[in-house]
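Asks: Have a look at this one before I ask anything.
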Amino acid sequence: MQQLTDEGRRVVDDVARRHGFSSDAVLCMLLAVSAGYGNQAQFNHPEFGGMGQWSMGGMTMIGDMFNNYLKGRVDSLCQELASHIQGQPLFQVPAQSQSQSQGGGWQGQTGGSHQQQSNGYGGTGSSLFVPSASSNWWPADLGMAGSTGGQNNLRYAYFPAARRLAVDINGQVSVYDTGQHQIGGFSQQQSGDQSITFTSQFGLVRVADLPRINPVNPGAAPQQPYASQPDPWVPPAQSAPAPMPAPPPPPPPPMANSMASSPPNPFGPPPAQHDEIVSLIEKLAELHKKCILTDSEYEAKKAELLSRL
Numbered sequence: 003m004q005q006l007t008d009e010g011r012r013v014v015d016d017v018a019r020r021h022g023f024s025s026d027a028v029l030c031m032l033l034a035v036s037a038g039y040g041n042q043a044q045f046n047h048p049e050f051g052g053m054g055q056w057s058m059g060g061m062t063m064i065g066d067m068f069n070n071y072l073k074g075r076v077d078s079l080c081q082e083l084a085s086h087i088q089g090q091p092l093f094q095v096p097a098q099s100q101s102q103s104q105g106g107g108w109q110g111q112t113g114g115s116h117q118q119q120s121n122g123y124g125g126t127g128s129s130l131f132v133p134s135a136s137s138n139w140w141p142a143d144l145g146m147a148g149s150t151g152g153q154n155n156l157r158y159a160y161f162p163a164a165r166r167l168a169v170d171i172n173g174q175v176s177v178y179d180t181g182q183h184q185i186g187g188f189s190q191q192q193s194g195d196q197s198i199t200f201t202s203q204f205g206l207v208r209v210a211d212l213p214r215i216n217p218v219n220p221g222a223a224p225q226q227p228y229a230s231q232p233d234p235w236v237p238p239a240q241s242a243p244a245p246m247p248a249p250p251p252p253p254p255p256p257m258a259n260s261m262a263s264s265p266p267n268p269f270g271p272p273p274a275q276h277d278e279i280v281s282l283i284e285k286l287a288e289l290h291k292k293c294i295l296t297d298s299e300y301e302a303k304k305a306e307l308l309s310r311l
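Its first residue numbered 3, the sequence shown is counted upward by one per residue in our numbering.
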């Protein structure tokens, strides 16, 4: 293990006190960040939720994947340690030492046959970061990525100069235009859709909300076909439902009673009705003669019938 300088021990103790971690945990992370040259780290410590990875401006992953509070503390710790590494030497430099970068790892040789390689303090397993240009999975016209990351069957590469973001889900590569976003970090949802979000000066943004584009250089063939494939986060468009049949026309209104709808005859009742009224008056006269109707009853009925004429 590399030995800390006096300044390095002071930085470790000060950072541990302010971030609420033990000095041993901070030293573990310092070695991991140093192995990644201040840009990325692979670590394994109980205070950090077990095994995890961190990338400057990229994704932070810890073993306790649902503990977002701890994830934020780890990201803040790594950011500060990266600034200390770039500012001043924190480790003692052994005599006749050589160092060589191997894709974000650290390899040192001291004096001859002794060789040590590390992917981060305490780290085991393969890296999720893409170290070699020969293994780039994104379109070649995008160039070198500023930050990369991934988990399970999803990985991403961010290109700040070109304002592009490439995402690979199950071998399907999509390229998005990040526009005016100044991306500060990515995170991956653990739900079924495995959607990626990032933070910028505009707040939290879903990658699925970015415009999906063709390659930066239309003349260059991408290493993975993606322009003709659907956006993995956009559900397939559903066919429009068949139009509802037009409702049947309303039935015609029923015929009104002919007598009710017929206007009254201004010239009096028809002859048949006239004869009936006269016949009724004659019958009333016979009943009056037989004293069946009184004078008042006879006159009242007679007047009623005459009013109909």
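Don't be surprised by glycine CBs; every beta carbon is placed ideally from N, CA and C. Only a predicted model underlies this, so the values are computations on that prediction, with no experimental measurement involved.
1) Tell me H47's beta-bridge partners as DSSP assigns them.
2) Could you work out which residue in L282, Y178 and G151 is closest to G59 when comparing CA atoms only?
3) At the level of alpha carbons, what is the spacing between H86 and V13?
4) For a quick check, are the C-beta atoms of M53 and G38 less than 7 Å apart?
5) Tell me the rounded alpha-carbon separation between R11 and Y178.
6) Throw me the rounded Cβ distance for the G145 and F161 pair, which I believe falls under 8 Å.
7) Report the partner residues of M58 according to the DSSP bridge assignment.
8) Whose C-beta lies closer than 7 Å to the C-beta of Y300 among residues of the same chain, with five residues either side of it excluded?
9) Are M31 and L79 closer than 7 Å when you measure CB to CB?
10) Drop a sphere of 10 angstroms on the beta-carbon of N154, count the other beta-carbons inside from all chains shown, and report buried for 16 or more, exposed for fewer.
11) I'd like to confirm the pairing. Which residues does DSSP put opposite T150 in its beta bridges?
12) How far does the beta strand (DSSP E) with L307 in it reach, from first residue to last?
13) Sorted by chain position, which residues of the same chain lie with C-beta nearer than 7 Å to L282's C-beta, five sequence neighbours on each side aside?
Replies: Let me spell this out:
1) Here residue 47 refers to the residue found at position 45 of the sequence shown. In the DSSP output, where bridge partners are listed per residue, H47 has G52.
2) Numbered from 1 along the sequence shown, position 57 holds the residue referred to as residue 59. In terms of Cα proximity to G59, the closest of L282, Y178 and G151 is G151.
3) On the sequence shown, position 84 is the one that residue 86 refers to. On the sequence shown, position 11 is the one that residue 13 refers to. Rounded to whole angstroms, the gap between the alpha carbons of H86 and V13 is 8 Å.
4) Translated into the one-based positions of the sequence shown, residue 53 becomes position 51. Translated into the one-based positions of the sequence shown, residue 38 becomes position 36. It is not a contact, given that the beta carbons lie outside the stated cut-off.
5) Within the sequence shown, numbered from 1, the residue matching residue 11 stands at position 9. Within the sequence shown, numbered from 1, the residue matching residue 178 stands at position 176. It is roughly 44 Å from the alpha-carbon of R11 to the alpha-carbon of Y178.
6) Taking the first residue of the sequence shown as position 1, residue 145 is located at position 143. Taking the first residue of the sequence shown as position 1, residue 161 is located at position 159. Yes, they are in contact, since the Cβ atoms of G145 and F161 sit about 7 Å apart, within 8 Å.
7) As a position in the sequence shown, residue 58 is number 56, starting the count at 1. M58 is not bridged to any residue.
8) Walking along the sequence shown from the start, residue 300 turns up at place 298. The answer, listed in chain order, is L286 and H290.
9) In the sequence shown, the residue the question calls residue 31 occupies position 29. In the sequence shown, the residue the question calls residue 79 occupies position 77. In this structure, L79 lies closer than 7 Å to M31 by Cβ.
10) To locate residue 154, count along the sequence shown from 1; it is residue 152. Taking every protein chain shown into account, the CB of N154 has fewer than 16 other CB atoms within 10 angstroms, so this residue is exposed.
11) Along the sequence shown, read from residue 1 onward, the residue named residue 150 stands at position 148. In DSSP, T150 forms a bridge with A159.
12) The residue you call residue 307 lines up with position 305 of the sequence shown. Careful: L307 lies outside any beta strand (DSSP E), inside the alpha helix (DSSP H) at D297 to L308.
13) Taking the first residue of the sequence shown as position 1, residue 282 is located at position 280. Contacts found: L307.
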